[in-house]
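Asker: The sequence shown begins at 16 in this note's numbering and counts up by one.
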Amino acid sequence: NAMAKHLSRVLMVVTGTCIVASAIVDIFARLLGDGERAALGLSIVLSTVALFVVYACLFWSFRRVAQIQGHPLTRAERLWRIYLWVLATLVFAALVLDQPALMWTIALLGLLFPALRLSRDWVDSTIAPTPTALPDPHPQHLTLTDIPLPAEPEEHPDMSEEMPADPQDSFRAIARRIARFVLLLAAFGLLSLIWDLDIFQRAAAPTVAGRAIGVVIDSAVALMIADLIWVWASTAIDRRLAAYVPPLPGSAPGPEARMATLLPLLRAILMVTLLAMVAMSILSSLGVNIAPILAGAGILGVAIGFGAQSLVKDVVSGIFFLIDDAFRIGEYVEIDQLRGTVERISIRSLQIRHHRGAVHTLPFGELRHLTNHSRDWVIMKLEFRVPFDTDLQLVKKIVKQIGATLKANEEYGDGILETLKSQGVRRMEEFNMVVGVKFMTRPGEQWLVRRDAYQMVRDAFDANGIRMAERNVKVEVAGSEHMTAEERQAIAGAAQQAVERQIGPGAPIPDEP
Numbered sequence: 016n017a018m019a020k021h022l023s024r025v026l027m028v029v030t031g032t033c034i035v036a037s038a039i040v041d042i043f044a045r046l047l048g049d050g051e052r053a054a055l056g057l058s059i060v061l062s063t064v065a066l067f068v069v070y071a072c073l074f075w076s077f078r079r080v081a082q083i084q085g086h087p088l089t090r091a092e093r094l095w096r097i098y099l100w101v102l103a104t105l106v107f108a109a110l111v112l113d114q115p116a117l118m119w120t121i122a123l124l125g126l127l128f129p130a131l132r133l134s135r136d137w138v139d140s141t142i143a144p145t146p147t148a149l150p151d152p153h154p155q156h157l158t159l160t161d162i163p164l165p166a167e168p169e170e171h172p173d174m175s176e177e178m179p180a181d182p183q184d185s186f187r188a189i190a191r192r193i194a195r196f197v198l199l200l201a202a203f204g205l206l207s208l209i210w211d212l213d214i215f216q217r218a219a220a221p222t223v224a225g226r227a228i229g230v231v232i233d234s235a236v237a238l239m240i241a242d243l244i245w246v247w248a249s250t251a252i253d254r255r256l257a258a259y260v261p262p263l264p265g266s267a268p269g270p271e272a273r274m275a276t277l278l279p280l281l282r283a284i285l286m287v288t289l290l291a292m293v294a295m296s297i298l299s300s301l302g303v304n305i306a307p308i309l310a311g312a313g314i315l316g317v318a319i320g321f322g323a324q325s326l327v328k329d330v331v332s333g334i335f336f337l338i339d340d341a342f343r344i345g346e347y348v349e350i351d352q353l354r355g356t357v358e359r360i361s362i363r364s365l366q367i368r369h370h371r372g373a374v375h376t377l378p379f380g381e382l383r384h385l386t387n388h389s390r391d392w393v394i395m396k397l398e399f400r401v402p403f404d405t406d407l408q409l410v411k412k413i414v415k416q417i418g419a420t421l422k423a424n425e426e427y428g429d430g431i432l433e434t435l436k437s438q439g440v441r442r443m444e445e446f447n448m449v450v451g452v453k454f455m456t457r458p459g460e461q462w463l464v465r466r467d468a469y470q471m472v473r474d475a476f477d478a479n480g481i482r483m484a485e486r487n488v489k490v491e492v493a494g495s496e497h498m499t500a501e502e503r504q505a506i507a508g509a510a511q512q513a514v515e516r517q518i519g520p521g522a523p524i525p526d527e528p
């Protein structure tokens, strides 16, 4: 695009100027022979010309950038221009002072930061580039994303919350780390050549400085490998956790909740393991015999195990609970007299939140048995007490119609696995018979279905003349057909008093004899 064409011209002009100036200085030095002062003067003049050419190219380059993007330079872009001007000036000053090693060191370290930024952008555009990251083919809409210039937050807002998680994030992160380490390693190697340090020969020498250099190299390699492993694993875990969508309130978590349960524990274990391995590697490079340390750590672990048996029991029990997949984050469980939703799982304990808000923390070692109410399916059974003379065929027909209506509900119909069905008479009681109804739903859906089922059954029974059974007292008196109204009322009052003495005040008034 236009930006790449412009940058190629700038690099060509700067490189060509430096090469021509260097060639002229070398030619005149050979022609003049012993005229070192004349050669030095010519070198300074041509270097000054090259410096001004660099200044002009930088000014022209950033001005062209502003023309392409259609608005003035941002603060970050102006800082980049000043940074490059200062770098060119320092390189020129080192050249004038006849310090070639210092000159190349300043140039190398000064260009290292733009190179790191360029490598990051190159990795991002090479590994799974998203459509929004590709440059606009129209020059009038080009932005500074094509060159290594930091963007201001106001002009380039973060869209990560609106963009879906990229499955290549873990590979992109580790590629960034590798590119960064390669650049730093190359810079370190060039610096050692510039100053003629002979790092590897010094590291092999049996001296204190050689041992120190060897320790630094070994430690750097160990840290680099551990960092690469941690970045890859942590990025992959974070991406999987970010893609996890918690279940809606009232619905049971799916199999993906197991991933959200185990991945945080896996990340913590990985961090501790990497830190221990890096520490052992550094100690080994320092010349420390780590075999006694490992043996002592084993003995100390056994001693701690005997002294903290409950802690070890909690950790081991938790491992087996997680292996058995007994519970997951977001599931509704029952432990003895405690009920609640699993909210957090650590290495040694489990936290469940009661539906009233209380949080209970239970060590794994104290869990003897656990009931999980959020797996696969749930059967809910309802009971209705009806009089003995109720038409059971009519009840069955009504329940079937209500089941079809519930199954067609848009809110929870898909969660009903088996709709309402009548189970007939379950048992006979003293004053009524009990009719059973059951249905099967996905975990968490049974509460809404039960709520509507109770209401619809009540309304349907009332509409079809089926009344719910009520407990009452019926008093029969021989020869009541010859009693007067006053005698009937007196008998009813006596029966009421008798009932209140047995079951307390507030009992229903007995039927008249």
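Positions of the beta carbon are idealized from the N, C-alpha and C atoms, including for glycine. From a predicted model like this one, the values you see are computed outputs, not experimental measurements.
According to the neighbour-count rule (16 or more other Cβ atoms, all chains shown, within 10 Å of its Cβ), is Phe-67 buried or exposed?
Answerer: Exposed, because fewer than 16 other Cβ atoms sit within 10 Å of the Cβ of Phe-67.
Asker: Is Phe-128 helix, strand or coil when you go by DSSP?
Answerer: The answer is helix: DSSP assigns Phe-128 an H, G or I state.
Asker: Starting from the C-beta of Ile-394, find all residues in its chain whose C-beta is less than 7 Å away, skip the five residues before and the five after it, and write them out in chain order.
Answerer: Excluding positions up to five away in sequence, the list reads Lys-453 and Met-455.
Asker: Could you check if Gln-114 is buried or exposed, using at least 16 other CB atoms within 10 Å of its CB as the buried criterion?
Answerer: Under this definition Gln-114 is an exposed residue.
Asker: For Gly-372, tell me which candidate among Ser-364, Ile-362, Thr-356 and His-384 has the shortest Cα-Cα distance.
Answerer: Cα-wise, what sits closest to Gly-372 is Thr-356.
Asker: Reducing DSSP to helix, strand and coil, say where Glu-515 ends up.
Answerer: Three-state DSSP puts Glu-515 in a helix.
Asker: Report yes or no: do the stretch 301-310 and the stretch 277-285 share at least 3 C-beta pairs separated by less than 8 Å?
Answerer: With the cut-off at 8 Å, the stretch 301-310 and the stretch 277-285 do not touch.
Asker: Is it right to say Pro-458 is buried, meaning 16 or more other beta carbons lie within 10 angstroms of its own, or is it exposed?
Answerer: Result: buried.
Asker: List the endpoints of the continuous beta strand (DSSP E) containing Gly-439.
Answerer: Segment 431-443, the beta strand (DSSP E) holding Gly-439.
Asker: For Leu-149, which three-state DSSP category applies?
Answerer: Low per-residue confidence applies at Leu-149: pLDDT is 44, beneath 50, and the placement is therefore not dependable, though the value from the model is reported in the following sentence. Of the three classes helix, strand and coil, the one that applies to Leu-149 here is coil, per DSSP.
Asker: From Ala-224 to Phe-128, what does the alpha carbon distance come to, in whole angstroms?
Answerer: If I take the Cα positions, the gap works out to 29 Å.
Asker: When burial is assigned at 16 or more other CB atoms within 10 Å of the CB, is Ser-23 buried or exposed?
Answerer: Looking at its Cβ environment, which holds fewer than 16 other Cβ atoms inside 10 Å, Ser-23 is exposed.
Asker: Pull up the DSSP beta-bridge partners for Val-374, would you.
Answerer: Bridge partners of Val-374: Arg-368.
Asker: Fully enclosed by the stretch 333-365, which beta strand (DSSP E) runs are 3 residues long or longer?
Answerer: Listed in chain order, they are 347-350 and 353-360.
Asker: Could you give the C-beta distance for Leu-285 and Ala-248, rounded to a whole number, given that I count them as a contact under 8 Å?
Answerer: About 6 Å separates the two Cβ atoms, so the contact holds.
Asker: Quick one, which of Tyr-259, Arg-192 and Leu-198 has its alpha-carbon nearest Leu-243's?
Answerer: With distances taken between Cα atoms, Leu-243 lies closest to Arg-192.
Asker: From the DSSP output, read off the bridge partner residues of Leu-397.
Answerer: According to DSSP, which records beta bridges pairwise, Leu-397 is partnered with Val-452.
Asker: Report buried or exposed for Arg-383, applying the criterion of at least 16 other Cβ atoms within 10 angstroms of its Cβ.
Answerer: Looking at its Cβ environment, which holds fewer than 16 other Cβ atoms inside 10 Å, Arg-383 is exposed.
Asker: Between which two residues does the alpha helix (DSSP H) containing Ala-103 stretch?
Answerer: First-last of the alpha helix (DSSP H) with Ala-103: 90-111.
Asker: Does DSSP classify Thr-386 as helix, strand or coil?
Answerer: Of the three classes helix, strand and coil, the one that applies to Thr-386 here is strand, per DSSP.
Asker: What three-state label does DSSP hand Leu-409 in the structure shown?
Answerer: Looking at Leu-409 - three-state DSSP - the assignment turns out to be helix.
Asker: With a Cβ-Cβ cutoff of 9 Å, do Asp-375 and Leu-353 count as a contact?
Answerer: For the record, residue 375 in the displayed sequence is His; it is not Asp. For His-375 and Leu-353, yes; Cβs fall inside 9 Å.
Asker: Can you name, in chain order, every residue of its own chain whose Cβ lies under 8 Å from the Cβ of Val-230, other than the five neighbours on each side?
Answerer: If we look at Val-230 and ignore the five residues flanking it on each side, its Cβ neighbours are Ile-297, Ser-300 and Leu-301.
Asker: Measuring alpha carbon to alpha carbon, tell me which residue in Phe-379, Ile-59 and Ile-417 is nearest Ala-475.
Answerer: The residue with the shortest Cα to Cα distance from Ala-475 is Ile-417.
Asker: If Val-450 sits next to Gly-439, beta carbons under 8 Å apart, how far is it from one beta carbon to the other, in whole angstroms?
Answerer: That pair is a contact at about 7 Å.
Asker: Out of curiosity, what's the CA-to-CA distance linking Leu-290 and Gln-82?
Answerer: When rounded, the distance between both Cα atoms is 51 Å.
Asker: Counting along the chain, where does the alpha helix (DSSP H) carrying Gln-114 start and finish?
Answerer: Element bounds for Gln-114: n/a, residue is neither H nor E.
Asker: Can you check which of these residues, Arg-195, Gly-204 and Ile-34, is closest to Arg-132 by C-alpha distance?
Answerer: Of the listed residues, the one whose Cα sits closest to Arg-132 is Arg-195.
Asker: With distances taken between CB atoms, is the gap from Ile-350 to Leu-377 smaller than 9 Å?
Answerer: Cβ distance < 9 Å, so Ile-350 and Leu-377 count as in contact.
Asker: Which same chain residues, not among the five before or five after Phe-107, have their C-beta less than 7 Å away from its C-beta?
Answerer: Cβ within range, chain order: Ser-62 and Leu-66.
Asker: When you compare only the Cα positions, how much space is there between Arg-254 and Val-260?
Answerer: Roughly 12 Å separates the two Cα atoms.
Asker: Let me know the secondary structure DSSP gives Pro-279 once reduced to three states.
Answerer: If DSSP states are grouped into helix, strand and coil, Pro-279 belongs with the helices.
Asker: Rounded to whole angstroms, what's the CA-CA distance from Val-401 to Glu-460? Just pull it up for me.
Answerer: Between Val-401 and Glu-460, the C-alpha separation is close to 27 Å.
Asker: Under the three-state reduction of DSSP, which class applies to Trp-245: helix, strand or coil?
Answerer: In the structure shown, Trp-245 sits in a helix (DSSP, three-state: H, G or I).
Asker: Taking 9 Å as the threshold (C-beta atoms), are Ser-361 and Gly-333 in contact?
Answerer: Yes. Within cutoff.
Asker: For the putative contact between Glu-398 and Arg-441, defined by C-beta atoms under 8 Å, what is the C-beta separation to the nearest angstrom?
Answerer: At roughly 7 Å, the Cβ-Cβ gap stays under 8 Å, so Glu-398 and Arg-441 are in contact.
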